[in-house]
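Read top to bottom, the protein sequences are chains A and B. For the first sequence, my numbering assigns the number 1 to the initial residue and increments by one for each residue that follows. For the second sequence, my numbering assigns the number 1001 to the initial residue and increments by one for each residue that follows. Note that CB positions come from ideal geometry on N, CA and C, so glycine has one too.
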Amino acid sequence: MRRIALAATCITLIATGTQSSTAAGRYDVALAPAKQAAHVLNRAAFGPRPSDLAEIRRIGVERWIRQQLDPATIPDSTVLTAKLAPLATQKLATWQIFETYQPPLQQIRMATPNINQLLQPDQFRRLYNGTPEERRAVIEGLSPEVRQQVLPLVPPNVLDGLPELRQQAERARQIQNEIRNREMLEQQRKLRPPLNELLTPEQARDLQFGTTDEKMAVLNSFSSEKRTLVFRSLPTQQVPDAFKREAMAIMNPRQAVVAELVEGKLQRALYSPRQLEEVLVDFWLNHFNVFSGKNTVGMLLTSYERDAIRPYVFGRFRDMLLATARHPAMLSYLDNFQSRSAPENAPNPGGGVIVNVSAGVPNQGLNENYGRELLELHTLGVNGGYTQADVINVARAFTGWTIFDPQRYGEFQFNPQMHDRAEKVVLGQKFPRGGGESEGVKIIDMLATHPSTARFISRKLAQRFVADDPPQALVDRMAATFTKTGGDLRAVMETLLLSREFMSEGAWQAKVKTPFELVTSALRALDADVTDTTALAQRLSEMGMPLYGRVDPAGYPNTAEAWSGSAGLLARINFANALTTGLISGVKADATALASQGVRRVLTDLTGSEPAAETVAAIEQGASGEKPNPNIIAGAIIASPDFQKR
Amino acid sequence: MRTRRWFLRTSGLAVGVLGTSQVWLKPASAQERVSRKVLVAILQRGAADGLNVVAPFFEKRYYQLRPSIAVQMPSQQQGFGGIDLDGKFAFHQVLQPLKPLWDARQLAIVHAAGSPDTSRSHFDAQAFMESGTAGKTTEDGWLNRALPRVTQNTSPLRGVAVGATLPLALRGERSTVAVDDLAKFQIGSGASPILEKLYARSSDAQLKGQAGGMFDAVRRIESIRQQPYSPANGAIYQGTFGTRLMQLARLIKSDVGVEVAFVDLDGWDHHSNESGQLGNVLGEFGRGLSSFARDLGDRMADVVVVTMSEFGRTAAENGTGGTDHGHGGVMMVLGGSVKGGSIYGKWPGLEPEQLFEGRDLAVTTDYRDVLAELVRVHLGQDPDQVFPGYKAGPPLGLLRTA
């Protein structure tokens, strides 16, 4: 007993040592074999799941890593396929998403008459600048219908000194408002008829008080058009689960698209056998962050993740960079789709449509947003050696990279009319006049192979997989691989995951989980069954990490201190409790099964190392000395400091 | 130096773990009031466009630079154009809720303020500003350093960020907490006593410190949480920013020992279609601050609020009806002891040769001059300890000294 306590003290001391300056040396100490399986699953996967632990122990750590680096060799999971099957948007092209997921009650716009169209120019002038008599003459000279339209539109001072006209205007305004309200109500009624007109009393009763079967029977008896009308008015709680998705797509279609993204992301993290691929999709999507709440980015994100990120996580960095540069989600998020040449450098001066022309204003037409973030966040890094002039010239080179019909079609288009044709110099390299679309592509090539990019990307990956302040020697070797292979990301990951530093005591439990990593690792540890991710998404927002919801182009930070804070920790503890007591809707987790394995065994499986005796005692004996129930035990494990790290 | 800091940090933690729990179990009324002075820092993340927040409408050049997005000339007619402040500068029209505070001389403006560092990176510039430096990121934040080190106030709520995570500005050796929603700031878990034990023993100093502060804060907030709250003087809070300020007002009025606080509001990065977007976020900002001051009422005598953004935006509008990353911006200082109703700082002008790098509003007042004065006069702390390596210039005279 005493011996164990002493050993625990030693471990504590060593662990404390890791925090300080002695960490460097510990990257040379090979990780104890017993810790390796959990360590690898905490880094190259979203945490240990019982079946993955068994598999990795069976085939060995290195073979498991090599398989993960080559995901095409890993068979599909039938569970995951079934979980993803209902997510209709995931298979649609962007234009199909726009077409299918239109908001139900498009803002009903009532045509507002324009006073300039109702009056002749000289009438307008006399009405606004004339004497009271001239103004009266203009109004009284109008036909009764036109007068009814004009009077409500004129500013009050136009009727100064004309009290009887002012009274008329007041009346006209009232009448006009009544007419408009009536028209608006009629339109609304057509789009959203009251339920008692759509349903017989029996149907209404069944939908409100009936069993699930009765509800289903009523809804299945309707045509899809009629169901659409019903779902626009039916309270959400009356919609049976089987129709929840259809109802949401009707009531709030844009939100439904993002909700399916969130669901797909969580289900893949939980169930995909190609775990490393999912970890990398998460990493790269965050690296090339876009925000679902800006413009129509939420509608473009499905394709962005699927077509611009996922295919390249084991491919060439350059290809992913180009795919993001051309993707409407990025073009919209960082405004490049609107950026255009200054008038004097446009292809046919005076011919193109130039907005906001005004003399003496520099950079007319240009928007620097993408140019800057491309250099700072996507490639070179903030100290990677570029200047403000480079930012401007990169932005100029990318003018014309725009979106074809961003509201309905949403595809990349190069528009030569918007492109700046003049000469540019970027990072010392001259781009002669008239380069067109190829300038942007050349810049992508240049940046993708730049040594600063190799270092920046390597360090960021090492930070995700090894430690907040990763060992420089490892970063250097990764950067060398990056450069040697022309940015082959599979080769870079191989250098990383098969390195001495990755499998070292220095890296073990060195990372604090982000909220997403906590949630996914908890669900995997419990082998939870997730059928609806709405509540999980809400929890993640409360922990400060709404999925697809990061406004900042830098994405979410990946270091411990950024996730510190009592509110976040409190949200983690409350999440653990809700999860293990069955309070998160859509999630079934068996706390008893976990707790019955014993605290020591569970924590050993999850972290790779035997927990301190005091930890086990504290959880198993509870605070009052009475053995807590399994929910509390499982909740304490998930909320424990050990489980906040990976 | 290092040893001493380490010693203080560990002894502080020891107090946190052993000493405070009992003290803070007492209800609020039984607390001794240690200090009533509160400094609230607000960071507008994303680089707010100072030239459209407080517009120099007397400058012809302003309208040439911004043909489609300029704040319109103030006019006699209500609800149209900017709000004239002094015949030269005007609030953006959505800042009407702040005008009464300006008229009551509780609100001061420092124009062309910012960091002398020239970074136009949001990420870096925010980190520098939260560090209280120009061009360097420190491990702890200026607002943490602004908390007195030796103090009788051991409240876990001395330094509060309203939000889910603790921002760099408040990180450091003094124990500070992030509180998102007072109503939800409770542990709904039977495992709570177990977890408090586990975290107190954790070998991870950061998790341990955070958790200690959190468990204390939960107890401290318990008594407040159960009272219904209605803002005073008819103040109405709306939106996320408003709700956060309401949480803060509630804490301050409950006398739980808040000394410094931090609230952020993002969404200021308007590269395109600025007019509508700025109107929305600035409206939320103005309504929030105005409700906060109204709710606190007389208590504003002890409170100073200072607002800042990591840098300003280009003087000229860009090609997409927005502005790109610039340099100088605008700060506001609000409070009962503020000598308000004036615009502080030297106006650098908007002519090409007056602009920084020919494109941005120049910085004529270092943001640390403003903060240092508030730290020195309002909190009674030594700015040299808060802004390492920086010697503040002559005082701007923003605050009345008692």
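Subject >> Cβ neighbour criterion (16 or more within 10 Å) applied to K367 of chain A >> reply: For this step, residue 367 of chain A is matched to residue 367 along the first sequence. The amino acid at residue 367 of chain A is misidentified as Lys; the sequence shows Asn. N367 of chain A should be labelled buried.
Subject >> Neighbour flag for E1357 of chain B against chain A, beta carbons, 9 Å >> reply: The residue you call residue 1357 of chain B lines up with position 357 of the second sequence. Closer than 9 Å to some Cβ of chain A, the Cβ of E1357 of chain B qualifies, so yes.
Original post:
How would you list, in chain order, the residues of chain B whose beta-carbon sits under 9 Å from the beta-carbon of P648 of chain A?
Top reply: Because residue 648 of chain A is not part of the residues shown, which for chain A are 1 to 646, the question remains open.
**OP:** Please report the Cβ distance between R1287 of chain B and Q1238 of chain B, rounded to the nearest whole angstrom; I am assuming they are in contact, meaning their Cβ atoms lie under 8 Å.
**Re:** Here residue 1287 of chain B corresponds to residue number 287 of the second sequence, with the count starting at 1. Here residue 1238 of chain B corresponds to residue number 238 of the second sequence, with the count starting at 1. Indeed, because the Cβ distance is near 6 Å, the residues count as touching under 8 Å.
Original post:
Can you tell which of B:A1041, B:G1397, B:G1322, B:L1251 has the C-alpha that lies nearest to the C-alpha of S1223 of chain B?
Top reply: Walking along the second sequence from the start, residue 1223 of chain B turns up at place 223. Minimum Cα distance to S1223 of chain B is reached at B:L1251.
Original post:
Using a Cβ-Cβ distance under 9 Å, would E197 of chain A count as near chain C?
Top reply: Included in the structure are the protein chains A and B, with no chain C among them.
Original post:
By a C-beta neighbour count over all protein chains shown, 10 Å radius and 16 as the cutoff for buried, is A1463 of chain B buried or exposed?
Top reply: Outside the displayed span of chain B (1001 to 1402) sits residue 1463 of chain B, for which this structure offers no information.
Original post:
What does A591 of chain A reach in chain B if we use C-beta pairs closer than 7 Å?
Top reply: As a working note, residue 591 of chain A is residue 591 in the first sequence. None at all; the shortest Cβ gap to chain B is about 11 Å.
**OP:** Taking I1109 of chain B as part of the beta strand (DSSP E), name the residues at either end of that continuous run.
**Re:** Stepping through the second sequence from its first residue, residue 1109 of chain B is reached at position 109. Looking at the DSSP string, the run of the beta strand (DSSP E) that includes I1109 of chain B is 1107-1114.
**OP:** Kindly indicate which three-state DSSP category L1039 of chain B falls into: helix, strand or coil?
**Re:** Residue numbering aside, residue 1039 of chain B sits at position 39 when the second sequence is read from its first letter. Correct three-state label for L1039 of chain B: strand.
Subject >> Min CB distance R464 of chain A to chain B below 9 Å >> reply: Taking the first residue of the first sequence as position 1, residue 464 of chain A is located at position 464. Answer no: the Cβ-Cβ gap between R464 of chain A and chain B never drops below 9 Å.
**OP:** Going by CA-CA distance only, name the one from A:S596, A:A613, A:T615, A:M299 that's closest to A648 of chain A.
**Re:** What the structure shows of chain A is the stretch from 1 to 646, and residue 648 of chain A is not part of that stretch, so it cannot be assessed.
Original post:
In chain A, which residues lie with their C-beta within 9 Å of the C-beta of Y961 of chain B?
Top reply: With chain B covering only 1001 through 1402, there is no way to say anything about residue 961 of chain B.
**OP:** Report the residue from B:S1203, B:V1053, B:I1109 whose alpha carbon sits nearest the alpha carbon of S1275 of chain B.
**Re:** Here residue 1275 of chain B refers to the residue found at position 275 when the second sequence is read from its first residue. Among B:S1203, B:V1053, B:I1109, the Cα nearest to that of S1275 of chain B is on B:V1053.
Original post:
Shortest alpha-carbon distance to D1255 of chain B belongs to which of B:D1084, B:I1194, B:R1158?
Top reply: Locating residue 1255 of chain B in the second sequence gives position 255, counting from the first residue. Comparing Cα positions, the closest option is B:R1158.
Original post:
What separation, rounded to the nearest whole angstrom, lies between the Cα atoms of A462 of chain A and L474 of chain A?
Top reply: Reading the first sequence from its first residue, position 462 is the one you call residue 462 of chain A. Reading the first sequence from its first residue, position 474 is the one you call residue 474 of chain A. Cα to Cα, the separation comes out at about 8 Å.
Subject >> Residues sharing a beta bridge with P1056 of chain B, DSSP >> reply: For the purposes of this step, residue 1056 of chain B is taken as the residue at position 56 of the second sequence. Its beta-bridge partners are B:F1089.
Original post:
So who's on the other strand from Y1344 of chain B, going by DSSP bridges?
Top reply: Sequence index remark: in the second sequence, residue 1344 of chain B carries index 344 (1-based). Bridge partners of Y1344 of chain B: B:V1110.
**OP:** Ignoring anything shorter than 4 residues or poking outside the region 385-411 of chain A, list the alpha helix (DSSP H) runs there in chain order.
**Re:** 388-397
Original post:
Out of A:F231, A:T534, A:Q238, A:R189, which has the shortest C-alpha to C-alpha gap to L207 of chain A?
Top reply: Position 207 of the first sequence, counting from 1, holds the residue named residue 207 of chain A. Residue A:Q238 is the option with its Cα nearest to L207 of chain A.
Original post:
How about D1103 of chain B and G1341 of chain B: are their beta carbons less than 9 Å apart?
Top reply: Taking the second sequence and counting its residues from 1, the one referred to as residue 1103 of chain B is at position 103. Taking the second sequence and counting its residues from 1, the one referred to as residue 1341 of chain B is at position 341. Cβ distance < 9 Å, so D1103 of chain B and G1341 of chain B count as in contact.
Original post:
Using a C-beta to C-beta distance shorter than 9 Å, which residues of chain B count as neighbours of E561 of chain A?
Top reply: Locating residue 561 of chain A in the first sequence gives position 561, where the first residue counts as 1. Within chain B, the residues near E561 of chain A are E1139, L1166, L1168, R1171, Q1206.
Original post:
Measuring CB to CB, does L270 of chain A end up less than 9 Å from L523 of chain A?
Top reply: The residue given as residue 270 of chain A occupies position 270 in the first sequence. The residue given as residue 523 of chain A occupies position 523 in the first sequence. In this structure, L523 of chain A lies closer than 9 Å to L270 of chain A by Cβ.
Original post:
Is the shortest distance between the beta-carbon of T236 of chain A and the beta-carbons of chain B less than 9 Å?
Top reply: Taking the first sequence and counting its residues from 1, one reaches residue 236 of chain A at position 236. Cβ-Cβ to chain B under 9 Å: no for T236 of chain A.
**OP:** Tell whether a beta-carbon distance below 9 Å holds between V441 of chain A and A507 of chain A.
**Re:** As a first step, residue 441 of chain A must be located in the first sequence, where it is residue number 441. As a first step, residue 507 of chain A must be located in the first sequence, where it is residue number 507. Taking 9 Å as the Cβ cut-off, V441 of chain A and A507 of chain A do not qualify as a contacting pair.
Original post:
What's the gap between the Cα of A571 of chain A and the Cα of G555 of chain A?
Top reply: Mapped onto the first sequence, residue 571 of chain A falls at position 571. Mapped onto the first sequence, residue 555 of chain A falls at position 555. Cα to Cα, A571 of chain A sits roughly 21 Å from G555 of chain A.
Original post:
Listing by chain order, which chain A residues have their CB less than 9 Å from the CB of M989 of chain B?
Top reply: The question about residue 989 of chain B has no answer, for chain B in this structure spans 1001 to 1402.
**OP:** Taking I1194 of chain B and A636 of chain A to be in contact with their CB atoms under 8 Å, please state how far apart those CB atoms are, rounded to whole angstroms.
**Re:** Along the second sequence, read from residue 1 onward, the residue named residue 1194 of chain B stands at position 194. Along the first sequence, read from residue 1 onward, the residue named residue 636 of chain A stands at position 636. Contact flag correct, Cβ pair sits at about 5 Å.
Original post:
For G1283 of chain B versus N1153 of chain B, is the C-beta spacing smaller than 9 Å?
Top reply: Counting from one through the second sequence, the residue named residue 1283 of chain B turns up at place 283. Counting from one through the second sequence, the residue named residue 1153 of chain B turns up at place 153. No, the pair does not count as a contact, with Cβ atoms beyond the cut-off.
Subject >> Any C-beta of chain B under 9 Å from that of D552 of chain A >> reply: Translated into the one-based positions of the first sequence, residue 552 of chain A becomes position 552. Cβ-Cβ to chain B under 9 Å: yes for D552 of chain A.
Subject >> Near-chain B residues of the region 214-248 of chain A (beta-carbon distance less than 9 Å), N- to C-terminal order >> reply: none
Original post:
So, is the C-beta of P1388 of chain B closer than 9 Å to a C-beta in chain A?
Top reply: Position 388 of the second sequence, counted from the first residue, corresponds to residue 1388 of chain B. False, the Cβ-Cβ gap to chain A never drops below 9 Å.
**OP:** Would you mind stating whether A1125 of chain B and A1047 of chain B have Cβ atoms separated by less than 9 Å?
**Re:** Numbered from its first residue, the second sequence carries residue 1125 of chain B at position 125. Numbered from its first residue, the second sequence carries residue 1047 of chain B at position 47. Yes. Within cutoff.
**OP:** Return the Cβ separation of L377 of chain A and Y386 of chain A in integer angstroms, given the expectation that the two are a contact with Cβ distance under 8 Å.
**Re:** Along the first sequence, one-based indexing puts residue 377 of chain A at 377. Along the first sequence, one-based indexing puts residue 386 of chain A at 386. With 8 Å as the limit, L377 of chain A and Y386 of chain A do not qualify as a contact, their Cβ atoms being about 12 Å apart.
Subject >> Supposed contact pair R1066 of chain B and E1317 of chain B - C-beta distance, whole angstroms, cut 8 Å >> reply: Sequence index remark: in the second sequence, residue 1317 of chain B carries index 317 (1-based). Sequence index remark: in the second sequence, residue 1066 of chain B carries index 66 (1-based). The pair is a contact, with the Cβ atoms about 5 Å apart (cut-off 8 Å).
Original post:
How about P641 of chain A: is its C-beta nearer than 9 Å to some C-beta of chain B?
Top reply: Within the first sequence, residue 641 of chain A is the residue found at index 641, counting from 1. Yes, P641 of chain A counts as interfacial toward chain B.
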